[in-house]
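See below for the structure under consideration.
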Amino acid sequence: MTATELKTKTPDQLRDQLVALKKEAFNLRFQQATGQLENTARMRAVRRDVARIKTVLNQMAAQAAAN
């Protein structure tokens with residue numbers, strides 16, 4: 000997912016997606032702890048997607064506050 004894709008979504012959609020990614024990150028951590036994780040690169044991708052969504056949400060909030 001790219002930042003440009005995220006900027007076209009509403010804040011509610013972004014929050015829903017953020018919750019889903021946090022659940023996925025939890026499940027990936029659990030899989031890693033039990034030795035069942037096969038794709039370790041997915042953890043990094045999920046973590047970066049979470050950060051990307053938070054950044055876009057903060058930018059939207061700052062823009063709304065400025066107006």
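The sequence shown begins at 0 in numbering that gives the first Met the number 0 and counts up by one.
Note that CB positions come from ideal geometry on N, CA and C, so glycine has one too.
Using DSSP with H/G/I as helix, E/B as strand and the rest coil, what is Thr-3?
-> Within the sequence shown, residue 3 is the residue found at index 4, counting from 1. In the structure shown, Thr-3 sits in a helix (DSSP, three-state: H, G or I).
Inter-residue CB distance, Ala-2 and Val-55 (contact presumed, cutoff 8 Å) = Along the sequence shown, read from residue 1 onward, the residue named residue 2 stands at position 3. Along the sequence shown, read from residue 1 onward, the residue named residue 55 stands at position 56. At roughly 6 Å, the Cβ-Cβ gap stays under 8 Å, so Ala-2 and Val-55 are in contact.
For Leu-17 versus Val-45, is the C-beta spacing smaller than 8 Å?
-> Here residue 17 refers to the residue found at position 18 when the sequence shown is read from its first residue. Here residue 45 refers to the residue found at position 46 when the sequence shown is read from its first residue. No, the pair does not count as a contact, with Cβ atoms beyond the cut-off.
At 4 residues or longer, and completely inside the stretch 9-66: list those alpha helix (DSSP H) runs for me, N to C.
-> 10-33, 40-65
Residue of Arg-41, Arg-14, Leu-13, Gln-12 minimising C-alpha distance to Phe-25 | If you number the sequence shown from 1, residue 25 lands on position 26. The option with the nearest alpha carbon to Phe-25 is Arg-41.
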